[in-house]
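Each residue of the sequence shown is one higher than the last, beginning at 4 in my numbering.
One structure below.
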Amino acid sequence: MQVWAIANQKGGVGKTTTTLFLGRGLAQAGHRVLLIDLDPHASLTRAFAVPSAPPPSGTHDLFGSSGATLASLARSTDIEGLKLVAAQPALATLERRGATQPGLGLALGRALHGAHGLYDYALLDCPPTLGLLMINALAAADRLVVPTQTDQLALHGLADMLRTAEMVERSRRRPLPGFVVPTLYDRRTRAGIHNLDLLHDRYEGRVWPHAVPVDTRLRDANALTAAVPPTGRGADAYRRALTWLLAQPDASQRQAA
Ligand SMILES: Nc1ncnc2c1ncn2[C@@H]1O[C@H](COP(=O)(O)OP(=O)(O)O)[C@@H](O)[C@H]1O
Ligand SMILES: [Mg+2]
């Protein structure tokens, strides 16, 4: 199983949308895919219309003493081959507990280890804060996928995110290759074009050499549903981004090269 963390310390950059499209694309290619919603805001969970009351079982249960496994928490979706572990609002309280309970930073990694062989890919939709949940994701991931907008502020956020990944890499002594997917790109603005060029220059080889354009079908938060049509500029771009991501060598191949 390959674990991809979809992360950026900035909110509203397209993390959840990217998780949804990459997950759907992988499932449609015949892979067994598990999406794990790590964001207390639960946008991914809502996209799959999981009722929020009473709180569903989900990611938070991995951090308790119930012994819940990913297989027991994964729920089927309308998309064949795609399962979801839902987020619960209680995830927000974990950051506080994290300070007092050693070992909580590795709970997700342990759960993923226990699910080995059940899925081909696990995609982790991360919250926009560098806390316990994001650390869990980065500690467990084989790859980091960083969706980023193409404005100036977002480029700073990207640098922060990649620095965090390097810190995790050093402490766990295992490579965490990071790949950048430019999102919400507006080719009508001069700043957008300039910053996309900058991004491609600065992170050559690690950034998808195109960008997901702004697509009105994806614009409204309420419209982000798993039923979003597989056609359109955004969906097409995500298909091509996935093909590119799958063609990138993983860390061990890079080292051997
Ligand atoms: N390519 C796109 N075109 C238009 N709107 C988008 C696009 N990607 C994401 N959005 C919208 O932008 C907002 C933020 O996206 P989301 O994926 O929730 O970001 P994050 O998970 O980083 O907070 C949502 O309302 C989403 O529907
Ligand atoms: Mg999100």
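Ideal Cβ placement from N, Cα and C applies to all residues, glycine included.
Per DSSP, which residues does residue i bridge with? Please list them.
| i | result |
| --- | --- |
| W7 | L126 and R146 |
| T151 | P185 |
| K86 | L37 and S79 |
| P216 | Y188 |
| V210 | V183 |
Output the boundary residues of the alpha helix (DSSP H) element that contains residue i.
| i | result |
| --- | --- |
| K18 | K18 to Q31 |
| L201 | R193 to R205 |
| H119 | Element bounds for H119: n/a, residue is neither H nor E. |
| A238 | R236 to A250 |
| T48 | S46 to A50 |
Of all the options the options, which has the alpha carbon lying nearest to the alpha carbon of residue i?
| i | options | result |
| --- | --- | --- |
| L141 | G108, H119 and A229 | G108 |
| M137 | Y122, A95 and W247 | A95 |
| L126 | T22, N11, G235 and Y241 | T22 |
| P57 | A89, G84 and S79 | A89 |
| P1 | A214, Q251 and L135 | Past the edges of the chain, shown from 4 to 260, lies residue 1, and the structure says nothing about it. |
| G181 | D239, R175, L165 and D42 | L165 |
| R100 | G134, A250 and C129 | G134 |
| I82 | E207, F51 and R146 | F51 |
| Q31 | A144, L227, P150 and D123 | D123 |
| R49 | G208, V231 and M4 | V231 |
| A194 | Q152, D253, N139 and D218 | Q152 |
| V217 | L187, P43 and S46 | L187 |
| G112 | F66, P150 and V149 | F66 |
| L41 | L245, T228 and A110 | A110 |
| V183 | G28, L245 and P43 | L245 |
| H44 | C129, R146 and R173 | C129 |
| A74 | V36, Q91 and V53 | V36 |
| N11 | D163, G33, R242 and A118 | D163 |
| N139 | P105, P59, H119 and G120 | P105 |
| A118 | V53, R243, K86 and S46 | K86 |
| R190 | R205, R236 and P59 | R236 |
| D253 | L38, A144 and E169 | A144 |
| L115 | T167, L221, Q91 and T62 | T62 |
| T132 | P54, S55, E207 and L97 | L97 |
| L47 | T228, A238, P233 and W247 | T228 |
| Q5 | R78, A240 and L121 | L121 |
| T20 | W247, H34 and A240 | A240 |
| P178 | T219, D64 and L147 | L147 |
| T80 | Q91, I39 and R242 | I39 |
| D154 | T192, R173 and V171 | T192 |
| I9 | R78, P54 and A168 | A168 |
| P59 | A93, G28 and R205 | A93 |
Checklist entry - Do the stretch 194 to 209 and the stretch 138 to 158 make contact, defined as three or more Cβ pairs closer than 8 Å? => result Yes, they touch.
Checklist entry - Below 8 Å, can you find three or more Cβ-Cβ pairs linking the stretch 65 to 78 to the stretch 11 to 27? => result Cβ pair count under 8 Å is below three, so no.
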